[in-house]
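S.K.: Below are the structure tokens for one structure; questions will follow.
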Amino acid sequence: MERQKLAALAVFILIISLLLGACSSSQTARGANDQMLDLDYVSTGNDAAEEEQADEPWYAWIKRAFSFGKTDDDTKAEDKPDSVADLYKKGTENLKKQMEATSEDPEEEHASDEKATTDTGKKPTVKKDDDSQKSDDDNKSQDNQNTPAQDTKQPEESDQKGDTVTLTIRCDTAVNNGMHLESKWAGIVPASGCILDTTTFEINDGDTVFDVLCQARDKFKLHMQYKGAGSGIYVEGINNLYEFDGGRWSGWMYCVNDWYPNYGCGVYYLQPGDVIEWNYTCDLGLDLDAGMEGAQEWKDTHD
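Numbering-wise, the working numbering puts 90 at position 90 of the sequence shown, and it's gapless, one number per residue.
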């Protein structure tokens, strides 16, 4: 009876070992089949990885098996203070207040139209009074009766045009800090700093900077993680490079036509021909060619 129990226990352990091995193999195979960008990562060798593995306690594999993909870094991230994310959040709140104040005061509406167009890339809708609206409706009706062919052709011409923008994703500041030479950033920070070279994407009316980033994610199977929705969207990580990975004031920032807005990418509405860049910063944008307005003041008051 004792021998049977020992034999059953040995068989059970063998089955568990085979299952764990099969799971590991399937994950490796799935990762190999994914389409990846051809990036120039620096080979740091296996010595550092083997050394790190050798220092792990014997029960480390059990801890990893039951962590369900959650790492120590994920747990610590909850305790980390916001930096880039908090700056974007404040800027988005200020933008909302500005737009609400503009819509409530008709006298200031015309004066702020030009500024709002520059800030958001899309002119706010102006609410008209009843007489003006009725007049516009009458004119529109008359135009439809006089030139129906022209009105029906306009949308078709717009669709055929295929409005486009360009997108680039870089992490030069991480390279400048030597992150590409560290083993833990192998396969994450390319030596050239270029994650996605300048690429053209088609846009529709109402598309935002975030929408185009999602296009890049889907087309190239590029890792991208964000939190929030709508105006509160904040991009936490691209290509597995996250905020705080490069220090206290690190994170992803976007710019359009060499200008860094201080509000969320989900409320920047694009125009045809816009040039979008996502750049990783290690110093709240102060280490980028064109820093965000108010970044230095924010850093000084939130250190």
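Quick reminder that beta carbons are idealized off the backbone N, C-alpha and C, glycines included. Values in this document were obtained by computation on a predicted structure and should not be read as measured data.
How far does the beta strand (DSSP E) with V175 in it reach, from first residue to last?
M.R.: Segment D172 to N176 is the alpha helix (DSSP H) holding V175; no beta strand (DSSP E) there.
S.K.: Answer with buried or exposed for G273, where buried requires no fewer than 16 other C-beta atoms within 10 angstroms of its C-beta.
M.R.: That one is exposed.
S.K.: Quick check: Y268 and P261, are their CB atoms within less than 7 Å of each other?
M.R.: Contact: yes.
S.K.: So the alpha helix (DSSP H) D218 belongs to, where does it begin and stop?
M.R.: Unbroken alpha helix (DSSP H) run through D218: V209 to F220.
S.K.: Are T166 and V275 close, meaning C-beta to C-beta below 7 Å?
M.R.: Yes, Cβ-Cβ distance for T166 and V275 is below 7 Å.
S.K.: When you compare the segment 179-191 with the segment 224-233, are there three or more beta-carbon pairs, one atom per stretch, that lie closer than 8 Å?
M.R.: These segments do not touch.
S.K.: Apply the 10 Å Cβ neighbour rule to S17 and answer buried if 16 or more other Cβ atoms are within range, or exposed otherwise.
M.R.: It is exposed - the Cβ of S17 has fewer than 16 other Cβ atoms within 10 Å.
S.K.: Let's test the definition: count the other Cβ atoms within 10 Å of the Cβ of N204 and tell me whether it reaches 16, buried, or not, exposed.
M.R.: With fewer than 16 Cβ atoms within 10 Å of its Cβ, N204 is classed as exposed.
S.K.: Identify every residue that forms a DSSP beta bridge with M292.
M.R.: Paired residue(s): none; M292 is not in a bridge.
S.K.: Could you give the DSSP three-state label for V267: helix, strand or coil?
M.R.: Note: V267 maps to helix in three-state DSSP.
S.K.: Between the alpha carbons of T102 and G232, how many angstroms are there, rounded?
M.R.: Between T102 and G232, the C-alpha separation is close to 21 Å.
S.K.: Considering only their Cβ atoms, is the gap separating T173 from D287 smaller than 7 Å?
M.R.: It is a contact, given that the beta carbons lie within the stated cut-off.
S.K.: Tell me, please, which residues DSSP counts as bridged to T200.
M.R.: Beta-bridge pairing links T200 to T166.
S.K.: Determine the contact status of I169 and L241, defining contact as a CB-CB distance below 7 Å.
M.R.: Against a cut-off of 7 Å, the Cβ pair of L241 and I169 comes out as no contact.
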